[in-house]
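Just so it is clear: in the sequence shown, position 72 is 265 by our numbering, and no numbers are missing.
Don't be surprised by glycine CBs; every beta carbon is placed ideally from N, CA and C.
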Amino acid sequence: MGLKGVHKFGRDNGAYQQKASIPAYLNRQQVDIIYVDYYCVFYFLLLRGGLAMSLFELSLAHQFGKKHRQFRALVCGFVDATMEYLNRLSADSGGADICIVTDGERLPAKMETHQTRRKNQNLAFCEARTLYNRYGYDHDDLRVQVQRWVSFSLPFKRAIMTRLKRRKSIRPYRERVQQTEPRGTHMFYHQAPFEADSEIVYLCDTLTPGDRGAILSDDGDLFAYGGAVNAIRIVNIYWDNANLPGTVTTKAKLLKKLKFPINDRVELAQSEARFAVLAATCGNDYAENVKNFSFRKIAKMIQVQRFTAWPVNADKLLQTVCYLLEYVTDDQAFRFKVALHQFCKPVVSRVAESGDQGAYEKRHRSVIQVEYDPRVQCELGVQGNVRN
């Protein structure tokens, strides 16, 4: 789902540069590494070239798993296609490194979202199976239902990770951090503890001084996490066009268009907190938005709010916004709080902080505070806030 309304706001208000040649833009900005939200970016490949239908047929035949040869062949074909795209992007961007980032475990906080998706997928599968049994491939609605059903299921994700790890040209990201990768390596993989969204922002934010990172994802959630404010965000890319055109921006541009000031460290922390509260209440995977309150409308509410204490207390701002939104139930307020805590204190791997394990926390968590709530911590999967 992402953040409801964020991309529309970015396009309508000039925060997004559209139809830019992505490789040329990355070259001009001297980008050293691109972090790729793998499952998000390459979801479109599931829907084209008959892959969705082939996966559907295997599922009907109960051959959906890596022990089946046809399934392994489909996974290999998918991974090979994504590598072709990414190698081209790297080569055309002056040899920039690529880091493929994938999801880890599912957060309990997103259980309701996953259940809803699974229910809709099951309904689509049942409808597709009925159409297939009656008409074979001749019914127009069959492909529609199959595309509604197909997703990166757990067996598919596991098989993809196995395939990525077996490719000699791709190395674990920790080798780049430790500078132990084989000479000439430009492709890396990394699996997040939970959500890839927060991990990607964390990895980009903790690059060594002198390295310039970019983020490739059309998921608006990545704007909600603290850090990587000036990193290039590639919101979309047209892979089949010759010069790989797409849309680029930075979080800094988005904050400025929202009239959230970022002139110094204090203003930046306050504006990051403002955006996290906006993200928590505008509609996301953790909490639905309040009816009749759009992204733009909530942003205008937040613009006029002032902070009187340091460090910034994001919970207090959320309470104020909930009061202004009106008709917010206790359950809605709790869901907003879960989303806010996820955006302000996400679980990350710390793979990039071999020297100082508190560097990321000092930069972000120490200046934006949220109140400890055991129910929220349970929703977010851990009692602590960071995994090693």
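Compare the Cα-Cα distances from Ser252 to each of Gly413, Trp342 and Thr440 and report the closest residue. Per the Cα distances, Trp342.
Per-residue burial, Ser362 [other beta carbons within 10 Å of its own, 16 or more giving buried]: Classification for Ser362: exposed.
Nearest-angstrom Cα distance between Phe536 and Asp414? Spanning the alpha carbons of Phe536 and Asp414 requires a straight line of approximately 9 Å.
Rounded distance between the beta-carbons of Cys269 and Arg356, thought under 8 Å: Rounded, the Cβ-Cβ distance is 6 Å, consistent with contact.
Pop quiz: Ala407 and Ile425 are said to be a contact at Cβ under 8 Å. What is the actual Cβ separation, rounded to whole angstroms? Between Ala407 and Ile425 a beta carbon distance of about 4 Å is seen, short of the 8 Å cut, so the two are scored as contacting.
Could you give the first and the last residue of the continuous beta strand (DSSP E) run that contains Gln211? In the DSSP assignment, Gln211 falls within the unbroken beta strand (DSSP E) covering Gln210 to Ser214.
Cα-Cα separation, Glu374 to Arg364: Glu374 and Arg364: Cα-Cα distance of roughly 7 Å.
Rounded to whole angstroms, what's the CA-CA distance from Ile393 to Thr522? Just pull it up for me. Cα to Cα, the separation comes out at about 33 Å.
Between Gln223 and the rest of its own chain, which residues show a CB-CB distance below 7 Å, the 5 nearest in sequence each way excluded? If we look at Gln223 and ignore the five residues flanking it on each side, its Cβ neighbours are Arg405.
Secondary structure at Tyr236, three-state DSSP: helix, strand or coil? Assignment of Tyr236 by DSSP, reduced to helix, strand and coil, places it in the helix class.
Lys201 in three-state terms, based on DSSP: It is helical.
Is Pro402 buried or exposed, if buried means 16 or more other CB atoms sit within 10 Å of its CB? Exposed: under 16 other Cβ atoms inside 10 Å.
Leaving out five residues before and five after Gln550 in sequence, what residues of the same chain have Cβ atoms less than 7 Å from its Cβ? Confidence at Gln550 is low in this model, with a pLDDT of 47, below 50, so the placement of that residue should be treated as unreliable; the coordinate-derived value is given next. Arg543, listed in sequence order.
In the DSSP output, which residue or residues are listed as bridge partners for Asn429? Beta-bridge pairing links Asn429 to Thr440.
Excluding sequence positions up to five away, which residues of its chain have a Cβ less than 8 Å from the Cβ of Leu437? Within the same chain, Leu437 has close Cβ partners Ser214, Ile215, Pro216, Arg281, Leu282, Asp285, Ile430 and Tyr431.
Nearest to Ala266 (by Cα), restricted to the options Glu277, Gly420 and Ser247: Among Glu277, Gly420 and Ser247, the Cα nearest to that of Ala266 is on Ser247.
Tell me the rounded alpha-carbon separation between Gln372 and Leu279. Distance between Gln372 and Leu279, taken at the CA atoms: about 22 Å.
Quick one, which of Met380, Lys197, Ala532 and Ser464 has its alpha-carbon nearest Phe500's? Of the candidates Met380, Lys197, Ala532 and Ser464, the one whose C-alpha sits nearest the C-alpha of Phe500 is Ser464.
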